[in-house]
Structures are given as C-alpha cells and as structure tokens.
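Trainee: Residue numbers (the working numbering): 100 to 385.
The C-beta atom is built at its ideal place from N, Cα and C for all residues, glycine as well.
Have a look at the structure that comes next, please.
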Ligand SMILES: [Fe+2]
Ligand SMILES: [Fe+2]
C-alpha cells in the first residue's frame, strides 16, 4: 500500500535579517556548537543542488500527477534553501568562518561522485539524506531548546528550513519507490550515506572551528559533545526515527508529521519575514 500523501508543497520566500548577526560564537557562546551549525549551513548550497539534480533525472519517468506537482514544490523549496544558506554563509564568513572552504571540499566530493554513480544510486543517496534532514527537522521543531541561545535570524532560518524538510520529506522517497522500488538497495545506500554524513558533519565543524582562534576551548568542546551525544542530546533522540527507515513497510508519513507543520505555523512563523505576506508588503511599501 502506498502511503503517498497529497500535500501541497510550496516554497515560502523569506527575508531574514542576517546582517544583524554579530557574534562569531552565535550559538550559545560556544565555538564548536556555532561551527557545527555553520558547517551544516556551508554544506547546504552544494548538497541541496545535488538533491534537486538527482530527483530531476526522474521527473519524466514519474506517472503519478500529484507526485509530479510535489517534485516541482520540492525543487522550489530546495532551491530557495540554497539561496538563503548562501546569504547566511556570506554573513558567517564576515563573522570569521571560512564556509567557502567547506563548500569547495563538498563540491569536489560531489563532482567525483557524479563521475562514477548511476542515477539510481544518486537518487538513493538523496532519499537517505532527505530522511536524515526530515528527522533532524522534526526534532528541532519538537525541541526548540536544542537551539537555545542562538542568534534569532539563524534560529528562524533553521526552523523554516526544518518545516519545509518535513513537508517534502516523502518526495524523493516516493520518486524512488515509483521508479526503482528496490528497497534493499536503498537501505544499503542509506547505511553508507549516514556514515559518510557523520564523518563530514564532524569534519566540517572542526575545519571551521580550527580556522578561528577560539578552538582551544576545551569547555566549549565538552559542552558541544554533551549537547550532541549526551542523555538529552539530538543524536540519541534521532536513533529511533533513523532506524524506523529500515522497518517493514516504512514510509516517511507513516508515523505522522503533519502536526509539526501546524506547530511551526503557530509557534515559530514570523509573517513579517515572508515576502508574500501582507505584513511584509505593508512594511516595505508603508
Ligand atoms: Fe532543504
Ligand atoms: Fe530536503
């Protein structure tokens, strides 16, 4: 049974005041937490470009008209995520990070991969990455305290990105299932992808932190490790939703998620940051 959900997926065009960010340690006054977030942001523009390209390869093979519409929404959302992260990455560089270094490393890796991987494998890697971004997004919407003491524009960016990752979490998966359907292969690639992702996120964090003069803070490193891997840390909480991927009959919407879209709308959405909203337009014209 297909659990495909006929959800309308649309990009929200945002305008975040990134220019007001002013601290190198913009997250909890901690160089490692801030570098981890900066590393994540640095990886999005090139990473999400590959997500779009790998799904685009299948656009003409998909027959389900609802899914065809959702692919357009997925591409629009990911395209806008790239744009916003490029903007914030410029500000992160102004604060003292070298996000372009991370971007260059990632581009090199993707270019190498493109020379050897077929379309099916590229799509499977995207499905795997989309599973991880969706469970991370779900986690931060449910546990915004994970982002406590983060400068507001970056926090708003992450929560907006999170809700759109939740909205389109099944698109690449549904495309893969309709066009390839090889679950065993998808699971194999997901395991490889997760290992590589852990390594890369950790390396990106270190590359960025080591590029600053604050990296020697053992206190920051220790607190960051606790924040990630401790009893209430994100990584531990993600284990179960991650493993759900490998259970019989898994589908990204099987265990819900719509409530997170409502939660974001009610608790974290700032219409004055949405270029299409009345408040935004009034502020710009009035
Ligand atoms: Fe995204
Ligand atoms: Fe995504």
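(1) Would you be able to state if there are at least three C-beta pairs under 8 Å between the segment 216–234 and the segment 276–288?
(2) Cβ of residue 180 within 8 Å of any heavy atom in ligand 1?
(3) Distance, Cα to Cα, residue 263 vs residue 364?
(4) Classify residue 275: buried if its beta carbon has 16 or more other beta carbons within 10 angstroms, exposed otherwise.
(5) Please work out which residues of its chain come closer than 6 Å, Cβ to Cβ, to residue 298, disregarding the five sequence neighbours upstream and downstream, and give them in chain order.
(6) Does the distance from the CB of residue 350 to the CB of residue 102 come in under 9 Å?
(7) In whole angstroms, what separates the C-alpha of residue 377 from that of residue 124?
(8) At the level of alpha carbons, what is the spacing between residue 320 and residue 135?
(9) Give me the residue from 105, 129, 112 and 254 with the minimum Cα distance to residue 311.
(10) Residue 371 to residue 111, Cα distance in whole Å?
(11) Kindly examine ligand 2 and report whether one of its heavy atoms sits closer than 8 Å to the Cβ of residue 229.
(12) Would you call the segment 174–191 in contact with the segment 137–145, where contact means no fewer than 3 C-beta pairs closer than 8 Å?
(13) Could you tell me how far apart the beta carbons of residue 245 and residue 333 are, in whole angstroms, since I believe they sit closer than 8 Å?
(14) Less than 9 Å between the beta carbons of residue 373 and residue 174, yes or no?
(15) Taking only the alpha-carbon atoms, compute the straight-line gap between residue 122 and residue 253 and give it to the nearest angstrom.
(16) Taking buried to mean at least 16 other C-beta atoms within 10 Å of its own C-beta, is residue 153 buried or exposed?
(17) Can the beta-carbon of residue 181 be found less than 9 Å from the beta-carbon of residue 148?
Mentor: On the basis of the coordinates in this document:
(1) Three or more Cβ pairs closer than 8 Å define a contact, and the segment 276–288 meets that threshold against the segment 216–234.
(2) For ligand 1, at least one heavy atom lies less than 8 Å from the Cβ of residue 180.
(3) C-alpha separation (whole angstroms): 11 Å.
(4) Result: buried.
(5) For residue 298, where only same-chain residues beyond five positions count, there are no Cβ hits under 6 Å.
(6) For the pair residue 350 and residue 102, the CB atoms are nearer than the 9 Å cut-off.
(7) The straight-line gap separating the alpha-carbon atoms of residue 377 and residue 124 is approximately 34 Å.
(8) Taking C-alpha positions only, residue 320 is separated from residue 135 by approximately 11 Å.
(9) Of 105, 129, 112 and 254, the residue nearest in Cα terms is 129.
(10) Straight across, the Cα-Cα distance linking residue 371 with residue 111 is about 12 Å.
(11) Flag set: Cβ of residue 229 near ligand 2.
(12) The segment 174–191 is in contact with the segment 137–145.
(13) About 6 Å; that satisfies the 8 Å criterion.
(14) No.
(15) Their backbone Cα atoms lie some 12 Å apart in a straight line.
(16) That one is buried.
(17) Taking the C-beta atoms as reference points, residue 148 is found nearer than 9 Å to residue 181.
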